[in-house]
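>
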Amino acid sequence: MKRNWMRVIDANCFSALVGFCLKVKFNKICHISLLIPCLISSGCSDTWNNPYPVSDSGKNILYNAFAERPKHLDPVQSYSSNEILFTAQIYQPPLQYHFLKRPLVLVPQTASKIPVVSYQDDNGVQLPSNSADTRVAYSVYKITIRPGILYQPHPAFAQDKHKHLLYHTLTRQDIQAVQKISDFEHAGTRELIADDFIYQIKRLAHPRLHSPIFGLMADYIVGLREYADTLRDQDKTQPPNSFLDLRKFPLAGVERIDDYTYHIRIKGKYPQFIYWLTMAFFAPVPWEADHFFSQPGMTEKNFTLDWHPVGTGPYMLTENNPNRIMVLERNPNFKGEYYPDEGMPEDMENGLLRDAGKALPFIDKIIFSREKESIPYWNKFLQGYYDASSIGSDSFDQAVQITGQGEAAITEEMEAQGIRLGTEVAPSTYYMGFNMLDPVVGGRTPEEKAAARKLRQAISIAVNYEEFLTIFANGRGIAAQGPIPPGIEGYHEGEAGINPVSYEWHNGEARRKSIKQAQALLAEAGYPGGISRKTGKPLVLYYDVTARSADDRSILDWMRMQFQKLNIQLVVRSTDYNRFQDKIRKGNAQIFEWGWNADYPDPENFLFLLYGPQRKVENSGENAANYDNAEYNRLFEQMKNMEHGPQRIQIIDRMVAILREDAPWLWGYHPKIFALYHAWYQNVKPNRMAYNTLKYYRIDPELRDQKRHEWNTPIVWPIGAGIVLLIIVLFPAWATYRRKEQRRILQSR
Amino acid sequence: MLNYIIRRLFYAIPILVGVNLITFALFFVVNTPDDMARMHLGTKHVTEEAIWKWKQEHGYNKPLLYNNAAYGIEKFTDTIFFEKSVSMFAFDFGRADDGRDIAHEIQSRMWPSLAIALPVFLLGLLVYITFALIMVFFRATYIDFWGIVLCVMLMSISSLFYIIAGQFLIGKLWHLVPISGYGSGLDTTRFLLLPIIVGVISSAGANTRWYRTLFMEEINKEYVRTARAKGLSENIVLFRHVLRNAMIPILTGAVVVIPLLFLGGLITESFFGIPGLGSYTIDAIQSQDFAVVRAMVFLGSLLYIAGLVLTDISYTLADPRVRLG
Chain A
1 MKRNWMRVID ANCFSALVGF CLKVKFNKIC HISLLIPCLI SSGCSDTWNN
51 PYPVSDSGKN ILYNAFAERP KHLDPVQSYS SNEILFTAQI YQPPLQYHFL
101 KRPLVLVPQT ASKIPVVSYQ DDNGVQLPSN SADTRVAYSV YKITIRPGIL
151 YQPHPAFAQD KHKHLLYHTL TRQDIQAVQK ISDFEHAGTR ELIADDFIYQ
201 IKRLAHPRLH SPIFGLMADY IVGLREYADT LRDQDKTQPP NSFLDLRKFP
251 LAGVERIDDY TYHIRIKGKY PQFIYWLTMA FFAPVPWEAD HFFSQPGMTE
301 KNFTLDWHPV GTGPYMLTEN NPNRIMVLER NPNFKGEYYP DEGMPEDMEN
351 GLLRDAGKAL PFIDKIIFSR EKESIPYWNK FLQGYYDASS IGSDSFDQAV
401 QITGQGEAAI TEEMEAQGIR LGTEVAPSTY YMGFNMLDPV VGGRTPEEKA
451 AARKLRQAIS IAVNYEEFLT IFANGRGIAA QGPIPPGIEG YHEGEAGINP
501 VSYEWHNGEA RRKSIKQAQA LLAEAGYPGG ISRKTGKPLV LYYDVTARSA
551 DDRSILDWMR MQFQKLNIQL VVRSTDYNRF QDKIRKGNAQ IFEWGWNADY
601 PDPENFLFLL YGPQRKVENS GENAANYDNA EYNRLFEQMK NMEHGPQRIQ
651 IIDRMVAILR EDAPWLWGYH PKIFALYHAW YQNVKPNRMA YNTLKYYRID
701 PELRDQKRHE WNTPIVWPIG AGIVLLIIVL FPAWATYRRK EQRRILQSR
Chain B
1 MLNYIIRRLF YAIPILVGVN LITFALFFVV NTPDDMARMH LGTKHVTEEA
51 IWKWKQEHGY NKPLLYNNAA YGIEKFTDTI FFEKSVSMFA FDFGRADDGR
101 DIAHEIQSRM WPSLAIALPV FLLGLLVYIT FALIMVFFRA TYIDFWGIVL
151 CVMLMSISSL FYIIAGQFLI GKLWHLVPIS GYGSGLDTTR FLLLPIIVGV
201 ISSAGANTRW YRTLFMEEIN KEYVRTARAK GLSENIVLFR HVLRNAMIPI
251 LTGAVVVIPL LFLGGLITES FFGIPGLGSY TIDAIQSQDF AVVRAMVFLG
301 SLLYIAGLVL TDISYTLADP RVRLG
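Protein chains in written order, with the UniProt record's numbering: chain A, 1 to 749; chain B, 1 to 325.
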């Protein structure tokens, strides 16, 4: 009897509880249960998943993400794109690329005008500008900077009332109490002068800094290599990590003319040098900052110029915690730069000239949060917590659809959220190289070389990069016709630009030659049907790649299939990147894949990758294919020193024709970068060469706040449902327990 | 007991030397100092001179283990292994390849790791033991059966799935907590909720089954029968007697991991954007930063040894019959 009563109660309780939850008090229960997370969520805002403090709502802040922590923020060392992303906003080299004009145009940044180049002979006598290259011993770049540019506020510049630097005689004890740079009570500034540019050029040779371009620049800047030796000798006489005052040691290749003018003297002619003046390697660094950070105790606190940059740019780094967050804030001393008032014809209709003539920058603060994984990054972008996003393979179909005309367009779902798509072909080339030192694909005797060329040409036809891009890159890229990517002088559109070895022009478009033509070339190479005429054995080639994940296996299978079209067996030799590099250095690879991102928008930066004296095995250069063609080398030497113009293009065309015929690379593809931008993110024009573009961007914080609220209203019913479910599961157990206990008590009585 | 602890600590020295030697050998079999220099200097315009300078600056220009050019004891001491290892025993971890002080990084990063690992550990222990006891209480009933089925299901799913599913459901779909990130002060709490929930659930299957097995072994012993014969209720039998007698194996598994909580979780920290020591280690491995890898392995070994000593001590507290000598 008792047992039945319990069951009735159990059932009644259960139904009553469910009814209670579902009918009247459900929402209240849910809200009460959520009181705790609500309380701890920042200030009880109505968007609980907002990763930023509520106090930042409505502020003019750009939210960005970074995946890899930057290693260096010292402008003499930073070279990777994830480092330049920061240094380009803080440091200001003399020149920059025009934000809107295409092809890219150089414009002054801290310079007052584009530097004037003059030429000198061996005796230092000035030569006319049209002098023959052989007569030119030195090129002198005269750089004049704008007066009135100020550094960001920093304790390194702080002065007392007697104009003495306040924080330049600190002891370890003084620094012990300091936790961050802003803990210093005073900050100061000073005007930018020519000496600061000279100081930075000297830092390229600093024995304790490892500038990645020192080797290259030592070949050009007069006296830089000898200067490095001088500094190294001096450094040995000093206590470790003490301040090495570069001002005391003159460098022959740089000369101060006055406070706002300096000269850089380089050996011979090197017209591409001017592009280096857009990079932070040539941005000004004040000696005060170098001295400030070299004081005892600073390094132990991680206070170094490498981590706390001091510049004149539109932004300054106010929080540097590369494990979690990096914050750039508007430099209050920045002035004198304005949004461009001219651009390309389409810029007007795209609204990119709305801010013409307005003072830069527009955004007050930029918060970079570390997101190592793509899934949370993508989801937070969709929630409006990042203002822009790249598109990973996983999310491509969600974001982009390919139209009937083969054009990429944003999906309706994204469009409904007001998201825009921006695309741009990167100034990069991903290629498959043949090692020309290899007897099979390179050849040794003239006959072997001719046969190997046919073999390479046959493979060039067989490996279908259009198909590769469709299958593995969602069409994000264009098949390359040569080493030069779009947007760089020497690249041609249409029929004039096709590679006649692999393509033919048909009905107004480039069409890959048939596999029969490739097979014919293979037969001419001595491998009819993929069988060696000499040995009667199948042709086996070896493809060296860096260690691949399981996901990449399909790419390698696809590559084997491409070679299989010619009945060539492709053996994949996968190794880690270190061993791979070692093989390339020693010339032990046969076929390999590699890529190149441009340093500057000049064809020389791509064509030198196949210049004979740059051969990797013999000269440790960048020519990984070890390609060496006398005519090509001669033309390269002629071209590299020429001014832009039709004559130069003519030579470049001839060089590219030689390369296409010789086919030392499978030309691979030029990747296309896809990026998504929210509606509130304005003035965006992709530029893969310039990184200092954040100053041009604009945010509409009100629209962003409105959308964030719209998209992120908390859904609380699952918590209530979870509680109910738990009760449903536990209630019978509790009832059974009660029954057991009752039974035990009854039995004991 | 003090003698025992001191003796154990001395035993730790050869273990640490051994671990250090193995780490060193494994690391340098894969990466030569030249590889490390190239990794650090980048892929463009890297000259042999730059590589040589980098190695000299970072002390990698010496022989690895044996210096044939040196004399006497310097044949062993003037090597990369000796110079990089000795300082570790003085807790001088040196600098990472990016110039940052490793000890400073460890100090600042261990707290975020602990902020997740400690609640997951404590809450997990509570939940797993409670559920295991419930299953034992209802042994041989449908609750026990379905409990085991649920545990096996939970065990069969990859921990990555819990992370992605948790972020998708709780963060993305229901908008209840931030998907990833980390705050400062009290604001941190809302970033910790999701990783803690995911952490507890992802280990629930294996741990609950393990504790259930321990309790099932105890439940049929004579002292339990005696307790029941005395008329004690089942929950008192379970929570007061069975739980206490099963403490030794529980402590063996639980106490040893307490010091390791500082080291954080590799995948969890990566996905939730937690700036802890787990993600620090992963970063160091990816960037071939030997100084950091060596420091983290050394620290891990040290903490593991500390955990073992703590486990031994905890036995004496749980079972008065245990004596350390």
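Every residue gets a Cβ at the ideal spot worked out from N, C-alpha and C, and that includes glycine.
Taking 8 Å as the CB-CB limit, is A:Asp-700 close to chain B?
Translated into the one-based positions of the first sequence, residue 700 of chain A becomes position 700. It does not; no Cβ of chain B falls within 8 Å.
> Please name the residue, chosen from A:Leu-703, A:Gly-722, A:Gln-569, A:Trp-717, that lies closest to A:Asn-60 on a Cα-to-Cα basis.
Position 60 of the first sequence, counted from the start, is the residue given in the question as residue 60 of chain A. Measuring from the Cα of A:Asn-60, the nearest candidate turns out to be A:Leu-703.
> According to DSSP, is A:Glu-254 part of a helix, a strand, or is it coil?
As a first step, residue 254 of chain A is located in the first sequence; it is residue number 254 there, counting from the start. The residue you asked about is not Glu; residue 254 of chain A is Val in the sequence shown. Here A:Val-254 sits in strand by DSSP.
> By a C-beta neighbour count over all protein chains shown, 10 Å radius and 16 as the cutoff for buried, is A:Gln-238 buried or exposed?
Taking the first sequence and counting its residues from 1, the one referred to as residue 238 of chain A is at position 238. Under this definition A:Gln-238 is an exposed residue.
> Go through the region 75-123 of chain A residue by residue and report every complete run of the beta strand (DSSP E) that reaches 3 residues or more, in order.
Complete beta strand (DSSP E) runs here, min 3: 95-97, 106-108, 116-120.
> What are the complete alpha helix (DSSP H) segments, minimum 4 residues, inside the region 77-152 of chain B?
For the region 77-152 of chain B, whole alpha helix (DSSP H) runs of length 4 or above, ordered along the chain, are 80-89, 102-137.
> Can you pull the chain A residues whose beta carbon is under 7 Å from the beta carbon of B:Gly-181, in chain order?
As a working mapping, residue 181 of chain B is identified with position 181 in the second sequence. Near B:Gly-181 (Cβ distances below 7 Å), the residues of chain A are Pro-51, Ser-369.
> Taking the beta carbon of A:Asp-306 as the centre, do at least 16 other beta carbons fall within 10 Å, making it buried, or is it exposed?
As a first step, residue 306 of chain A must be located in the first sequence, where it is residue number 306. With 16 or more other Cβ atoms within 10 Å, it is buried.
> How long is the line joining the alpha carbons of A:Ala-334 and B:Leu-266, rounded to whole angstroms?
Locating residue 334 of chain A in the first sequence gives position 334, counting from the first residue. Locating residue 266 of chain B in the second sequence gives position 266, counting from the first residue. Looking at the sequence shown, residue 334 of chain A is not Ala but Phe. Each residue's Cα considered, the two are about 42 Å apart.
> For A:Ser-389, return the contacting residues in chain B, with the cut-off set at a CB-CB distance below 7 Å.
Residue numbering aside, residue 389 of chain A sits at position 389 when the first sequence is read from its first letter. Chain B residues near A:Ser-389: none, gap ~13 Å exceeds 7 Å.
> Taking any Cβ of chain B, which residues in the region 708-719 of chain A have a Cβ under 7 Å from it, in chain order?
If the cut-off is 7 Å between Cβ atoms, the region 708-719 of chain A has Asn-712, Thr-713, Pro-714, Ile-715, Pro-718 near chain B.
> Could you tell me the alpha carbon to alpha carbon distance between A:Arg-585 and A:Val-571, rounded to whole angstroms?
Stepping through the first sequence from its first residue, residue 585 of chain A is reached at position 585. Stepping through the first sequence from its first residue, residue 571 of chain A is reached at position 571. For A:Arg-585 and A:Val-571, the distance between alpha carbons rounds to 21 Å.
> Starting from A:Met-559, follow the alpha helix (DSSP H) in both directions and report where the run begins and ends.
Counted from its first residue, the first sequence places residue 559 of chain A at position 559. Run containing A:Met-559: 553-564, per the alpha helix (DSSP H) assignment.
> Between the C-alpha atoms of A:Ala-452 and A:Val-441, what's the straight-line distance to the nearest angstrom?
For the purposes of this step, residue 452 of chain A is identified with residue 452 of the first sequence, where counting begins at 1. For the purposes of this step, residue 441 of chain A is identified with residue 441 of the first sequence, where counting begins at 1. Each residue's Cα considered, the two are about 5 Å apart.
> For B:Arg-225, count neighbouring Cβ atoms within 10 angstroms of its own Cβ and tell me buried if that reaches 16, exposed if not.
As a first step, residue 225 of chain B must be located in the second sequence, where it is residue number 225. So B:Arg-225 ends up on the exposed side.
> Does the Cβ of A:Gly-508 have 16 or more other Cβ atoms within 10 Å, making it buried, or fewer, making it exposed?
Your numbering for residue 508 of chain A matches position 508 in the first sequence. With fewer than 16 Cβ atoms within 10 Å of its Cβ, A:Gly-508 is classed as exposed.
> Taking the beta strand (DSSP E) that A:Asn-130 falls in, what are its first and last residues?
Residue 130 of chain A sits at position 130 when you count from the first residue of the first sequence. No beta strand (DSSP E) holds A:Asn-130; DSSP gives it neither H nor E.
> Drop a sphere of 10 angstroms on the beta-carbon of A:Ile-201, count the other beta-carbons inside from all chains shown, and report buried for 16 or more, exposed for fewer.
Numbered from 1 along the first sequence, position 201 holds the residue referred to as residue 201 of chain A. So A:Ile-201 counts as buried.
> What first and last residue would you give for the alpha helix (DSSP H) that runs through B:Met-216?
Locating residue 216 of chain B in the second sequence gives position 216, where the first residue counts as 1. B:Met-216 -> alpha helix (DSSP H) spans 204-219.
> Using the rule of at least 16 other Cβ atoms within 10 Å of the residue's Cβ for burial, across every protein chain shown, is A:Arg-69 buried or exposed?
By one-based count along the first sequence, residue 69 of chain A stands at place 69. So A:Arg-69 counts as buried.
> Anything in the region 18-36 of chain B with a Cβ closer than 8 Å to a Cβ of chain A? List those residues in chain order, please.
Correct list: Val-30, Asn-31, Thr-32, Asp-35.
> Closer than 8 Å by C-beta to B:Met-155: which residues in its own chain qualify, once you throw out the five before and the five after it? Chain order, please.
Walking along the second sequence from the start, residue 155 of chain B turns up at place 155. Cβ neighbours of B:Met-155 beyond the five flanking positions: Gly-205, Ala-206, Arg-209.
> Counting contacts by CB-CB distance shorter than 8 Å, is A:Lys-740 in contact with chain B?
Within the first sequence, residue 740 of chain A is the residue found at index 740, counting from 1. Yes, A:Lys-740 counts as interfacial toward chain B.
> Closest to B:Thr-23 by CA distance: which of B:Ser-85, B:Met-36, B:Met-247, B:Gly-42 is it?
Residue mapping note: residue 23 of chain B aligns to position 23 of the second sequence, counting from 1. Checked all of B:Ser-85, B:Met-36, B:Met-247, B:Gly-42; the closest Cα to B:Thr-23 is B:Ser-85.
> Suppose the cutoff is 6 Å on Cβ atoms and the five residues either side in sequence are ignored; what does the same chain contact list for residue 327 of chain B look like?
A question about residue 327 of chain B goes unanswered here, because the residues of chain B that appear run from 1 up to 325.
> Does chain B have any CB closer than 8 Å to the CB of A:Asp-229?
Reading the first sequence from its first residue, position 229 is the one you call residue 229 of chain A. No, A:Asp-229 lies away from the interface with chain B (no Cβ there is under 8 Å from its Cβ).
> Are there 16 or more other CB atoms within 10 angstroms of the CB of residue 328 of chain B, so buried, or fewer, so exposed?
What the structure shows of chain B is the stretch from 1 to 325, and residue 328 of chain B is not part of that stretch, so it cannot be assessed.
> Can you tell which of B:Val-177, B:Val-297, B:Leu-251 has its C-alpha closest to the C-alpha of B:Tyr-315?
One-based indexing of the second sequence puts residue 315 of chain B at position 315. Checking every option, the nearest Cα to that of B:Tyr-315 belongs to B:Leu-251.
> Assuming A:Ala-679 contacts A:Tyr-377 (C-beta within less than 8 Å), just tell me the rounded distance between them.
The residue given as residue 679 of chain A occupies position 679 in the first sequence. The residue given as residue 377 of chain A occupies position 377 in the first sequence. The pair is not a contact, with the Cβ atoms about 19 Å apart (cut-off 8 Å).
> Taking A:Ser-48 as the query, report the chain B residues whose CB atoms sit under 7 Å from its CB, ordered along the chain.
Locating residue 48 of chain A in the first sequence gives position 48, counting from the first residue. Checking the sequence, you will find Trp at residue 48 of chain A rather than Ser. Per Cβ cutoff of 7 Å: His-175, Leu-176, Val-177.
> Using CA coordinates, which residue listed in A:Ala-458, A:Pro-714, A:Gln-234 is at the minimum distance from A:Tyr-503?
For the purposes of this step, residue 503 of chain A is identified with residue 503 of the first sequence, where counting begins at 1. Among A:Ala-458, A:Pro-714, A:Gln-234, the Cα nearest to that of A:Tyr-503 belongs to A:Ala-458.
> Kindly indicate which three-state DSSP category A:Asn-379 falls into: helix, strand or coil?
Numbered from its first residue, the first sequence carries residue 379 of chain A at position 379. Three-state result, A:Asn-379: helix.
> For B:His-104, go through chain A and note every residue whose CB falls closer than 8 Å to its CB, in chain order.
To locate residue 104 of chain B, count along the second sequence from 1; it is residue 104. Per Cβ cutoff of 8 Å: Glu-300, Lys-301, Asn-302.
> For the candidate residues B:Asp-98, B:Glu-49, B:Met-110, B:Ile-6, whose alpha-carbon lies nearest to that of A:Phe-303?
Taking the first residue of the first sequence as position 1, residue 303 of chain A is located at position 303. For the residues B:Asp-98, B:Glu-49, B:Met-110, B:Ile-6, the minimum Cα distance to A:Phe-303 belongs to B:Asp-98.
> Compare the C-beta of A:Ile-213 against all C-beta atoms of chain B and say whether one is closer than 8 Å.
Along the first sequence, one-based indexing puts residue 213 of chain A at 213. At least one chain B Cβ lies under 8 Å of A:Ile-213.
> For the region 281-294 of chain A against the region 650-663 of chain A, do three or more pairs of beta-carbon atoms, one drawn from each stretch, fall closer than 8 Å, so that the two count as touching?
No, because fewer than three Cβ pairs between the region 281-294 of chain A and the region 650-663 of chain A fall closer than 8 Å, the two stretches do not touch.
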